[in-house]
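Participant: Numbered per my numbering, the sequence shown finishes at 221, counting up by one with no gaps. Each residue gets a CB set at the ideal place from its N, CA and C atoms; glycine is no exception. The structure displayed is predicted, hence computed values, not measured ones.
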Amino acid sequence: MKNFVVAIDGPAGSGKSSISKRIAKDRGFTHIDTGAMYRAITLEALRRKINLANEDEYTFLKNTSVIYKEGITYLNSEDVSKQIRTRNVTNNVSTTAKLKVVRDKMVDFQRESAKEGLILMDGRDIGTVVLPNADLKIFLTADPEIRAIRRCKENALAGIESDYEKILAEIKERDYKDSNREISPLKQADDAILVDTTSMSIEEVCNKIISLIDARL
Ligand code: DC
5 MKNFVVAIDG
15 PAGSGKSSIS
25 KRIAKDRGFT
35 HIDTGAMYRA
45 ITLEALRRKI
55 NLANEDEYTF
65 LKNTSVIYKE
75 GITYLNSEDV
85 SKQIRTRNVT
95 NNVSTTAKLK
105 VVRDKMVDFQ
115 RESAKEGLIL
125 MDGRDIGTVV
135 LPNADLKIFL
145 TADPEIRAIR
155 RCKENALAGI
165 ESDYEKILAE
175 IKERDYKDSN
185 REISPLKQAD
195 DAILVDTTSM
205 SIEEVCNKII
215 SLIDARL
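1. Measuring CB to CB, does Ala-146 end up less than 8 Å from Gly-19?
2. How many angstroms separate the CA atom of Asn-213 from the CA atom of Ser-24?
3. Here's the rule I'm using: 16 or more other beta-carbon atoms within 10 Å means buried, otherwise exposed. How should Gly-39 be labelled?
4. For Tyr-168, which residues from the same chain have a beta carbon less than 8 Å from its beta carbon, with the 5 sequence-adjacent residues on both sides left out?
5. Are the beta-carbon atoms belonging to Asp-13 and Phe-113 less than 8 Å from one another?
6. Identify the continuous beta strand (DSSP E) that holds Gly-17 and give its terminal residues.
7. On the three-pair Cβ rule with 8 Å, is the segment 43-53 touching the segment 173-180?
8. With burial defined as no fewer than 16 other Cβ atoms inside 10 Å of the residue's Cβ, what is the status of Asp-37: buried or exposed?
9. Compare the beta carbon distance of Leu-122 and Thr-68 with 8 Å and say whether it is the shorter of the two.
10. Quick one: what's got a C-beta closer than 6 Å to Ala-193's C-beta in the same chain, skipping five residues either side?
11. What three-state label does DSSP hand Ala-219 in the structure shown?
12. Can you tell me which of the three DSSP states Tyr-168 falls into?
13. Can you check whether the CB of Arg-31 is closer than 8 Å to the CB of Ile-217?
14. When the Cα atoms are used, what is the spatial distance from Asn-55 to Leu-221?
15. Residues in its own chain within less than 6 Å of Ala-101 by CB, not counting five upstream and five downstream?
16. Can the beta-carbon of Leu-50 be found less than 8 Å from the beta-carbon of Val-106?
17. CA-CA distance, Leu-79 and Tyr-62?
18. Using 8 Å as the limit for Cβ to Cβ distance, is Leu-124 near chain C?
Structural data, given as structure tokens:
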């Protein structure tokens with residue numbers, strides 16, 4: 005089977021996940037949400053009550069498997085798709101995701117799952133580190149204020165109340181941590197196409213990316 009890989013990177017709330025899901029469905033790609041994988045490891049670390057910042061305490065990684073398949077995140081075969089979206093996980097994931105021991109394991113999983121077929125992988129370091137030879141690289145971005153409004157709307161749809169100012173502050177903090185960490189920081193790859201979604205609808209962004217995919221396929 006033909007292997008064609010699209011890497012979509014960008015900051016929190018830039019729309020990577022929802023856009024990737026739609027495009028994958030429309031074009032028959034397998035979507036892999038790598039943020040969900042870091043979230044699953046963070047959930048396990050929180051459950052084990054380890055010191056999240058201490059790499060030496062992540063010994064459980066040896067016997068831990070994380071799989072993202074058809075929109076569901078499995079942690080050792082348990083469906084944790086809901087638990088990984090809690091605020092506790094969201095506010096701690098940057099601490100876990102900056103550790104080398106965690107990244108090495110996740111990058112192995114991610115490369116393995118991109119070996120065959122039509123793949124659309126989203127994250128922070130896909131175009132720069134995980135799949136540097138991707139056939140198409142997109143860097144999605146949007147102003148933090150717009151990203152915070154989108155998060156509030158998503159929460160409202162899920163029946164979760166949200167405080168805009170708090171969410172905006174959390175987004176800015178995560179941007180800072182993700183962009184300034186030592187290993188694989190969030191960064192646009194030299195050969196990635198920048199798509200600023202600040203004043204674009206989901207449909208417009210999807211159409212733009214689909215036309216880029218079609219041009220390369
Ligand atoms: O996309 P997200 O918000 O679900 O990602 C959760 C966290 O995981 C984010 O703060 C940074 C981290 N992450 C990462 O370091 N590398 C990736 N490829 C994907 C996510």
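Facilitator: This is what the structure gives:
1. yes
2. Inspection of the sequence shows that residue 213 is occupied by Ile rather than by Asn. Approximately 9 Å, taken between the alpha carbons.
3. With a 10 Å radius around the Cβ and a threshold of 16 neighbouring Cβ atoms, Gly-39 comes out buried.
4. Ala-152, Ile-153 and Cys-156
5. In this structure, Asp-13 sits away from Phe-113, with a CB-CB distance that is not shorter than 8 Å.
6. Premise fails: Gly-17 is in no beta strand (DSSP E) and is neither H nor E.
7. No, they do not touch.
8. buried
9. Cβ atoms of Leu-122 and Thr-68: not closer than 8 Å.
10. Here the set comprises Gly-131, Thr-132 and Lys-141.
11. helix
12. helix
13. yes
14. 46 Å
15. Tyr-42
16. Their beta carbons are not under 8 Å apart, which means Leu-50 does not touch Val-106 by this criterion.
17. 15 Å
18. Going by chain labels, chain C is absent from the structure shown, which holds only one protein chain.
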